[in-house]
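Residue numbers (our numbering): 709 to 836. Notes follow once the structure below has been shown.
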């Protein structure tokens, strides 16, 4: 991604959240749900219809795709489960029920999934 990490970090500091998640409006079947203040309130799977609400909100929730980029406060480690492998989605939903987890929208940035072999060449040519 070409996200501006300095802006993301500054946003995180101002938000005083335990975690700030970089998110975009893009096609994805699984999305985090945020209120009008960009506070994480839930998650949904658009394919299966599954929906988890971690925080009740009076405002309408907006769905954003998680970019896999986050800034965390070290205090979050007390919420980590006692297992080696765990879901970040579950972690953030559990934490959001107790502390503010915010979203940082970066719609104008490029994002490439280099976890797929076929996308590595595209990333190499894009980022030079």
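Think of the CB as a built atom: it goes at the ideal place given N, C-alpha and C, for glycine as much as any other residue.
Residue 748 sits buried, since 16 or more C-beta atoms from the chains shown fall within 10 Å of its C-beta. The alpha carbon of residue 768 has as its nearest neighbour, out of 732, 742 and 799, the alpha carbon of 742. Taking all protein chains shown into account, residue 737 has fewer than 16 neighbouring C-beta atoms within 10 Å of its C-beta and is therefore exposed. Exclusion of the five residues before and after residue 756 leaves no residue of its chain whose Cβ lies closer than 6 Å to its Cβ. Of the other Cβ atoms in all chains shown, 16 or more fall within 10 Å of the Cβ of residue 801; this residue is therefore buried.
CA-CA distance, residue 796 to residue 725, rounds to 16 Å.
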